[in-house]
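Going down the list, the sequences are from chains A and B. Residue 165 in numbering that gives the first Met the number 0 sits at position 166 of the first sequence; the count goes up by one each step and never skips. Residue 110 in numbering that gives the first Met the number 0 sits at position 111 of the second sequence; the count goes up by one each step and never skips. By construction, the Cβ of each residue, glycine as well, lies at the ideal position given by its N, Cα and C atoms.
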Amino acid sequence: MSLNLDISRSTSFTEEQVAACVINATREVFSTMVMMEVTDDFPLKEPVSRFKCSITGMVGFAGTYSGVISIHCPVTLALMITSNMLGIDCDEVSDDLNDAIGEIANMLGGSVKQVLSKGGLDVKLSIPTVISGEDYTVNSLSDNDCVVVPFTVEGHTLLVGLTLKKED
Amino acid sequence: MANILIVDDSSTMRKIISRSLRQAGLVVDEIYEAGDGIEGLGVIASGKSIQLILSDINMPNMDGLEFVKAVRANGNTTPIVMITTEGGEEIIAEAISSGASDSIKKPFTPDQLQEKLGGLV
């Protein structure tokens, strides 16, 4: 998985620099809002599209750039994340869990958007979408414009993916 | 003691903001919550005494920019601080020109809340 040349040229960033942007945004969100430390393991060794007992939060970009930023993590980890964010024990999939993962996707999207759009008016963020299930797949229409960064958190792996396309 | 209205479509974020206000040592009495701008206007219209409004920008139904404009159009001068993932200069400038007092970028720390809000509550 890699970033397409249009994105690299228009942002003047290499794939590694875009990955660094994702890594920095994820670290900042987790250290300030989740109170957990994340360790990145970029690059991803093998593409991942199938998730089991997991939850995925996504926020779309539209405008000068279109695309999606997504966070995928096992439900076990998502429950720990939600518990930390809310300061209460969460032990089952609930609206709180969906909302917390959606908000993390939202904050990651905001951080990436600030890199793509200094002013902020030419790229719009969608409201977060969250899906979860025992066995599901998430596919990008093109693997060529997708950067996925794996992270280790509390012994679990979560993925943050960024798919971007420069609009004409 | 200040009564604060938090307008954000994320219930998680409303809880984090509430907790962070207290962690920051800000003197808060009642905290009212709303899930979007329309609900926020409803809380204000109910006549509650509110000294500070904290609002997200990116929300369904009525976003934060529309909300600020609607509050000011009603002649309400309560300070409104945007707490948002939107850090773009033009969006923040639009919020300020619409009547917002200041902005705080998510994610934030309690210290950053203290710095921005300490003089308002």
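Check: Give the interface partners of K117 of chain A over in chain B, defined as CB-CB distance under 7 Å, in chain order.; Outcome: G87 and E88
Check: Counting pairs of Cβ atoms below 8 Å between the region 151-159 of chain A and the region 67-78 of chain A, do you hit three or more?; Outcome: yes
Check: In terms of DSSP beta bridges, what is C145 of chain A paired with?; Outcome: A:T162
Check: How big is the Cα-Cα spacing for L78 of chain A and G74 of chain B?; Outcome: 44 Å
Check: Using a C-beta cutoff of 8 Å, does F66 of chain B count as contacting chain A?; Outcome: no
Check: Mind checking if I15 of chain B is an interface residue toward chain A, Cβ cutoff 8 Å exclusive?; Outcome: yes
Check: Looking only at its chain, what residues have a beta carbon closer than 6 Å to the beta carbon of R125 of chain B, apart from the 5 residues adjacent to it on each side?; Outcome: Shown here, chain B extends from 0 to 120; a query on residue 125 of chain B therefore has no answer.
Check: Using a Cβ-Cβ cut-off of less than 7 Å, list which residues of the region 47-59 of chain B approach chain A; keep chain order.; Outcome: N57 and P59
Check: Pull up the CB-CB distance for S9 of chain B and D98 of chain A, whole angstroms please, since I reckon it's below 8 Å.; Outcome: 6 Å
Check: Given I49 of chain B, which residues of its chain have a CB within under 8 Å of its CB, disregarding the five upstream and five downstream residues?; Outcome: N2, I3, L4, Y31, V42, I43 and T77
Check: Could you tell me which uninterrupted alpha helix (DSSP H) segments, each at least 4 residues in length, are contained entirely in the region 90-158 of chain A, listed from first to last along the chain?; Outcome: 94-115
Check: Against M12 of chain B, what residues of chain A qualify as contacts under a CB-to-CB distance less than 8 Å, listed in chain order?; Outcome: E102
Check: Mapping the DSSP letters down to three states, classify G56 of chain A as helix, strand or coil.; Outcome: strand
Check: I believe V146 of chain A touches V67 of chain A by the beta-carbon criterion, under 8 Å. Please report the beta-carbon distance rounded to the nearest angstrom.; Outcome: Between V67 of chain A and V146 of chain A the Cβ distance is about 12 Å, and since that is not below 8 Å, they are no contact.
Check: How far does the beta strand (DSSP E) with I103 of chain B in it extend, from its first residue to its last?; Outcome: D101 to K104
Check: With 7 Å as the C-beta to C-beta threshold (strictly closer), list the residues of the region 74-106 of chain B near chain A in chain order.; Outcome: T84, E85, G86, G87, E88, E89, I90, K105 and P106
Check: Can you tell me whether DSSP reads N2 of chain B as helix, strand or coil?; Outcome: strand
Check: Counting Cβ pairs, one atom from each stretch, are 3 or more of them under 8 Å apart for the region 43-54 of chain A and the region 22-29 of chain A?; Outcome: no
Check: Give, in chain order, every unbroken run of the alpha helix (DSSP H) that is at least 4 residues long and sits entirely within the region 10-40 of chain A.; Outcome: 14-28
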